[in-house]
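Under UniProt numbering, residues 1 to 369 are what the sequence shown spells out, in order.
Ideal placement from N, C-alpha and C gives every residue a C-beta, glycine not left out.
A short worksheet on the structure shown next.
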Amino acid sequence: MFFGFMRKKRPALERETVLKALARVIDPDLNRDIVSLGFVKNLVIKGDRAAFDVELTTPACPVKEQLKAQCEEEVKAAGASRVDVNMTARVRPTGNAKRQIPGVRNVIAVTSGKGGVGKSTISINLALALLRRGARVGLLDCDIFGPSIPDLVGINRPVRALGDQTFAPHQAYGMNVMSMGFLLDGDQAATMRGPMLHRFVQQFLFNVAWGDLDYLVLDLPPGTGDVQLSLTQETPISAGVVVTTPQEAALRDARKGIEMFRQVNVPVLGFIENMSYYKCGKCDKEHHIFQSGGGQKLADEYGLPLLARIPLDPKINEDGGEGVPVLIREKEGDYVHAFGNLAGRVAAELGRRSLNAGWAVPGPAAIEV
């Protein structure tokens, strides 16, 4: 863990000195120091050198590098000649008492209340943004009658049955994906009523080999019907997000989505305003094609945050045709930046909720050599 030798010997570090220095490092999302949060692990002290892990609540932490730099700075200020900080993460469940999906720590439900607002595009790119930040992610297309995820990920072949009525999800861009579209032939329609709908929903949740996931993103169908109610009532949903566009008509339906979550006691993280603006490539100004301020209006009305304003991007139209989402094709730009921030905010809030649910762990043991 340590390399080289000091030419000038410094006083040996003490465990209490290092921990006191690290107690000055505050997680800005949780508003507590990393020692009392139990984030400091495997502290090793060798003379005037220190090494330790910082175990965050999510690999998607938006301030990970900032925290690492602060740790190095504070411990060096306390007398260390060298500080080795290893940033790790352990995603914890939020403590939902409902039946758990094996291997899945958090379930994020994305709803809109109506179609045509780009909810599926939001769902897949949120999942990819979490994946890009180092999380293990799955995506479930919950729209039984109009599944769109197969086209968005470019997969239209059947899933493999594993026996015992269990399916192996498809792999797309590093994440596990499941959809009713993987069970239908071409343009075949799914025709079924309530009891059968309920059975399919349960099978997709509990009879798919999801593996070890930090986050499972649910792309809910539009509306507040049987499928939505079955999902929200019986699924261990950690939290929901509501997608809208700026127009008043979309806001009315978004309110229905949030009321549905409230009726079944699903916490709501906030709103995502899709198609919020178009940024001109020549003048670099924001142009509001579909009115403006709708998402913020909802946020103020319900006392919830506006998590993201997602811009209009002409490349989005290529998603369905090519099966390659924007976050896979593009590495920079307003759209990519907006989803990176969204993933960070969602992950940070779920981490905060997991700690509030009692998942904080004791501080570090130290080994002095």
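Indicate the three-state DSSP secondary structure (helix, strand or coil) for residue i in the structure shown.
i	result
residue 252	helix
residue 286	strand
residue 239	strand
residue 341	helix
residue 278	strand
residue 378	The chain is shown from 1 up to 369; residue 378 falls before or after that span and cannot be answered.
residue 313	coil
residue 94	coil
residue 232	helix
residue 12	coil
residue 99	coil
residue 265	coil
residue 143	coil
residue 291	coil
residue 354	helix
residue 303	coil
residue 80	coil
residue 60	coil
residue 257	helix
residue 220	coil
Ends of the alpha helix (DSSP H) at residue i?
i	result
residue 124	119-132
residue 75	64-77
residue 328	326-329
residue 20	15-22
residue 48	Neither: residue 48 is in no alpha helix (DSSP H) and is coded neither H nor E.
Going by the DSSP bridge assignment, what does residue i pair with across the sheet?
i	result
residue 106	215
residue 335	Its beta-bridge partners do not exist; DSSP assigns none.
residue 86	53
residue 308	272
residue 137	215
residue 27	32
residue 244	273
residue 111	242
Run the CB neighbour count on residue i, radius 10 Å, all protein chains shown included, and call it buried at 16 or more, exposed below.
i	result
residue 106	buried
residue 170	buried
residue 114	buried
residue 10	exposed
residue 330	exposed
residue 289	exposed
residue 356	exposed
residue 260	buried
residue 240	buried
residue 66	exposed
residue 236	buried
residue 285	exposed
residue 222	buried
residue 362	Because the pLDDT of residue 362 is 42, which lies under 50, any placement of that residue in the model is unreliable, and the number read from its coordinates should be weighed accordingly. With fewer than 16 Cβ atoms within 10 Å of its Cβ, residue 362 is classed as exposed.
residue 2	Here residue 2 scores only 49 on pLDDT, less than 50, and its place in the model is too uncertain to base an answer on.
residue 145	exposed
residue 301	exposed
Contiguous beta strand (DSSP E) assignments of at least 3 residues, all confined to the region 150-209
160-163, 166-168, 170-172, 175-179
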